[in-house]
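Q:
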Amino acid sequence: MMKLWKNKDIANAMAGALVALSMTAGGLANAEERPKVDDSPVNVTIAGYSSGGQVSVFGEGVVDAVRRTYSGSSIIYEPGNPAGALEYLKSERRPFALVSTVEPKMAYAGSAPFREKYPPGTVKGVLNASPGVFDLMVYARADFLDEYGVKSFRDLIEKKVPMRVSINQPGNLWAREHVRALFSYFGKTPEDVEAWGGELVPQPTGASNDLMRDGRLDVIITGGATPSGKVVELGSVMDLAFVELSDELVQYVADELGASVGSIPAGSYEFVDEDLATVSSSFMIVAGPAATYEDAYKLAKSMYEQMGHYRSSHRALQKASREQLPNVSYLELHPGAKAFYQEVGLID
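All letters in the sequence shown, in the order written, are residues -31 to -1, 1 to 317 by mature numbering (1 follows the signal peptide of the UniProt record, and there is no 0).
(1) Starting from Asp33, trace the alpha helix (DSSP H) in both directions and tell me its first and last residue.
(2) For the structure I just gave you, are there three or more beta carbon pairs, one from the region 267 to 274 and one from the region 17 to 29, closer than 8 Å?
(3) With burial defined as no fewer than 16 other Cβ atoms inside 10 Å of the residue's Cβ, what is the status of Asn137: buried or exposed?
(4) In whole angstroms, what separates the C-alpha of Val313 from that of Arg284?
(5) Throw me the rounded Cβ distance for the Glu289 and Leu142 pair, which I believe falls under 8 Å.
(6) Just checking Ser25 against the ligand COA - is the residue's beta carbon closer than 6 Å to any of the ligand's heavy atoms?
(7) Return the first residue and the last residue of the alpha helix (DSSP H) that Gly198 is part of.
(8) Measure the C-alpha to C-alpha separation of Val119 and Gly175 and round it to an integer number of angstroms.
(9) State the CB to CB distance for the pair Phe155 and Leu214, rounded to an integer number of angstroms; the pair is presumed to be in contact (CB under 8 Å).
(10) With a Cβ-Cβ cutoff of 7 Å, do Phe27 and Ala98 count as a contact?
(11) Could you compute how far the alpha carbon of Asp8 sits from the alpha carbon of Asp317?
(12) Give me the Cβ distance between Leu218 and Ile233, rounded to the nearest whole Å; I'm assuming they're in contact under 8 Å.
(13) Give me, in chain order, the residues of the same chain whose beta-carbon lies closer than 6 Å to that of Ala34; leave out the 5 immediate sequence neighbours on both sides.
(14) Can you find at least 3 beta carbon pairs, one from the region 106 to 115 and one from the region 181 to 192, that sit closer than 8 Å?
So this is what it looks like as structure tokens:
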């Protein structure tokens, strides 16, 4: 009997060794299957948002990180609009784009202005350059809100306030989708404002602030990093107030748009004395079918290695971190970026 148990122990040990050997061999095989990545320059174009403004800071920051990591790189951030950028990806005219968490979701759903649903896997995530830094803001002239007894967005809807409200330009999908979702929660559309005697003003944030300063606008729906310099400036010359968004409304909009629940902390502005719930979005570098394994790997590596410099280059980038780079929300990671994140232990 003792001899039988000894033989059994030997057999178990041999089996365990074979399993371990096969796992090691499998790991080595997977490592060997990965393409080799050298230190050659990166020569790509990132299709982006409009020139200037806070969003361009994210794109230019990524470009700077790549140039610092791979000497001689010819990488360009190309201003444009997010719908055009994603169309460039789909048609393989550009390998990479800078988008928020909002636009790819629209593209996969085939929502306007996208003419058809994108095939699965058309847009893949490379890196999260600005996790939860872009906040939804709904602010108004304080005297206007007092006149109509308004404190919350629900008040604006239920009282059918005839407001002159800025909803940003048609090409600003981020703003327009947030506007749509805010009204959708109450079973309304932005066009209902016109039936109440109000007006929809399709102007960018800067121009909208000028109109409000001149008394020609009542409410602005937009987004930005907190605190927004433009809001601080406007608040220094007139009395402003944020229109409160309920927790339920914020959660609904976040779920609709693939965003997250955030807050505007008390003290962010002189006229904000308590934390305000809001919707927060991230901006990401995404890849299309033309993006190579090597380039996606190098973009991810560049941001990882240059994170300290990237974060110090602008206050809007303070929430960025190495740990958040692979967090591309509902998107699948590009194989090149995924390989790098696995190498440095950010993901399994």
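Note that CB positions come from ideal geometry on N, CA and C, so glycine has one too.
A: This is what the structure gives:
(1) Looking at the DSSP string, the run of the alpha helix (DSSP H) that includes Asp33 is Gly22 to Thr38.
(2) Under the Cβ criterion (8 Å, minimum of three pairs), the region 267 to 274 does not count as touching the region 17 to 29.
(3) In this structure Asn137 is buried. Its beta-carbon is surrounded by 16 or more other beta-carbon atoms within 10 angstroms.
(4) Their Cα atoms are separated by approximately 26 Å.
(5) One detail in the question is off: residue 289 reads as Ala in this sequence, not Glu. Not confirmed; about 23 Å, so no contact.
(6) With respect to the ligand COA, the structure offers nothing, as it holds no ligand at all.
(7) For Gly198, the enclosing alpha helix (DSSP H) has its first and last residue at Gly198 to Gly204.
(8) Roughly 24 Å between the two C-alpha positions.
(9) Rounded, the Cβ-Cβ distance is 12 Å, inconsistent with contact.
(10) Yes, the pair counts as a contact, with Cβ atoms nearer than the cut-off.
(11) Cα to Cα, Asp8 sits roughly 25 Å from Asp317.
(12) 14 Å between Cβ atoms; not a contact.
(13) Cβ within range, chain order: Ser271, Met272, Gln275 and Tyr279.
(14) Three or more Cβ pairs drawn from the region 106 to 115 and the region 181 to 192 lie within less than 8 Å of each other, which places the two stretches in contact.
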